[in-house]
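Chains as they are written, first to last, in this note's numbering: chain A, 1 to 121; chain B, 1001 to 1121. We put the beta carbon where it would ideally sit given N, CA and C, even for glycine. To keep things clear, I will list the structure first and then write my remarks on it.
2 protein chains.
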Amino acid sequence: MIDRHGIECCDTVEVHEDLCKIVTETMPSEDELYDLAELFKVFGDSTRIRILYVLFESEACVCDIAACLNMSQSAISHQLRILKQSKLVKNRREGKSIIYSLADGHVRTIIAQGREHIEEA
Amino acid sequence: MIDRHGIECCDTVEVHEDLCKIVTETMPSEDELYDLAELFKVFGDSTRIRILYVLFESEACVCDIAACLNMSQSAISHQLRILKQSKLVKNRREGKSIIYSLADGHVRTIIAQGREHIEEA
DNA sequence: AAAACATATGAACAATTATTCATATGTTAA
DNA sequence: TTAACATATGAATAATTGTTCATATGTTTT
């Protein structure tokens, strides 16, 4: 049995083909897989996770977050942009400041599940 | 008010300092933040997500997974190594093959939450 | 109006990473 | 033992990404 890369494959052909059939049926679309990976990439940076932990406690403006995390305004602003693009965070203007807050309950759940996994392992 | 980067910060000093205090208390340790980010990075690649979707259906050997996803054996093997390091996947030998399977229920939960978030947005 | 404040953003650089290619390791069959 | 099979892995390359620096945008105060 030869796959499309020209590599011979192991001999359990029946199981093999059944599995491929089921998988191609249940696998999300290319677009959705891409979006999913993009979403998890956003969680894959400790600066962004720290920002989310700040917002777990309270909404906050950019300079508050920067001060709490002891990082530059620019770095935080760039990261907030990414968090906002993936709709994990929303913002509103209040005078000169822009106040950021969590957009969604999923953020907490996803991070909680991640921590559980790590603690178990 | 000047933060440690020498940038002037906004004027709401009281709220500001209270928030910083609470945040530093509730924020996980540096090590745990790093581990968390590392874990989510693993989900942040569509090839690895596809591999997980294969394993949602059934345990499978490397060449089965490669064939299902139409990718090279080497690419899949490299990615399985990363999935195993983060304990999302486990393996056992069976003759010439190495059979991979999900290590944990958290994998399904985390991916399900991710999909929910995307569908809502 | 100008000055000060708060945030956003483009360019650049360093660091990380996914895949390919070649090859090594380990298992089974002849 | 030798050949074939299944998987793992090191090196190399291309692509992505986080931060800094400089500067732009938008708001408020004087």
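The DSSP-derived three-state label of A:ALA103 is coil. By the C-beta density criterion, A:ALA121 is exposed, having fewer than 16 other C-beta atoms within 10 angstroms. Secondary structure of A:SER74 (DSSP, three-state): helix. Under the Cβ criterion (8 Å, minimum of three pairs), the stretch 1035-1045 of chain B counts as touching the stretch 37-48 of chain A. Contacts with chain B (Cβ-Cβ distance below 7 Å) from the stretch 73-103 of chain A involve GLN73, LYS87 and SER97, listed in chain order.
A:SER46 carries a helical assignment under DSSP once its states are collapsed to helix, strand and coil. Minimum Cα-Cα distance from B:GLY1114 among the listed residues A:VAL54, A:LEU52, A:ASP104 and A:HIS117 corresponds to A:ASP104. Across the set A:ILE98, A:LEU88, A:ALA112 and A:HIS117, the C-alpha of A:LEU88 shows the shortest separation from the C-alpha of B:ILE1118. Contact fails between the stretch 1071-1082 of chain B and the stretch 68-75 of chain A, because fewer than three Cβ pairs, one in each stretch, are under 8 Å apart. Across the stretch 28-55 of chain A, CB contacts with chain B closer than 9 Å involve PRO28, GLU30, GLU32, LEU33, TYR34, ASP35, LEU36, ALA37, GLU38, LEU39, PHE40, LYS41, VAL42, PHE43, GLY44, ASP45, SER46, THR47, ARG48, ILE49, ARG50, TYR53 and VAL54, in sequence order along the chain. If you draw a straight line from the Cα of B:LEU1033 to the Cα of B:HIS1016, it is about 23 Å long. The beta carbons of A:ILE65 and A:ILE51 sit closer together than 9 Å. Note that the C-beta distance between B:CYS1061 and B:ILE1098 is below 9 Å. Exposed is the label assigned to A:ARG108, since fewer than 16 other Cβ atoms lie within 10 Å of its Cβ.
Scanning its chain for C-beta atoms nearer than 8 Å, with the 5 sequence neighbours on each side dropped, one finds around A:ILE110 the residues PHE43, in chain order.
Within 10 angstroms of the beta-carbon of B:ARG1048 lie 16 or more other beta-carbons, which makes it buried. Each residue's CA atom was taken as its position, placing B:ILE1022 and A:GLU57 some 8 Å apart. Between A:GLU59 and A:SER86 a beta carbon distance of about 18 Å is seen, past the 8 Å cut, so the two are scored as non-contacting. Under the criterion of beta carbons closer than 8 Å, A:GLU30 and B:HIS1106 do not qualify as touching, at roughly 25 Å.
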